[in-house]
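For the sequence shown, our numbering assigns the number 745 to the initial residue and increments by one for each residue that follows. Where a beta carbon is used, it is the ideal one built from N, C-alpha and C, also for glycine. Since the structure is predicted, the reported quantities are computational estimates derived from the model, not experimental observations. Here the structure comes first, spelled out in structure tokens, and everything after it is commentary.
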Amino acid sequence: MVRNLRLSSLIPAGLVVEAIAENEGVIVITARSG
């Protein structure tokens with residue numbers, strides 16, 4: 745399992761991350777356009 749993953753590698757340019765949540769191994773990223 746990867747533990748040191750950069751968020752920027754998952755989120756396309758131009759999006760602003762508003763929240764990150766983890767629950768039972770599922771990661772939910774809430775983002776909006778910049």
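Rounded to whole angstroms, the separation of the alpha carbons of Arg776 and Val770 is 20 Å. The beta carbon of Gly778 sits closer than 8 Å to those of Gly758, Leu759, Val760, all from its chain and outside the five residues before and after it, given in chain order. According to DSSP, residue pairing for Ala757 in a beta bridge does not occur. For Glu766, DSSP records a beta bridge to Ile771. Excluding residues up to 5 positions away in sequence, Thr774 lie with their Cβ nearer than 6 Å to the Cβ of Ala763 in the same chain.
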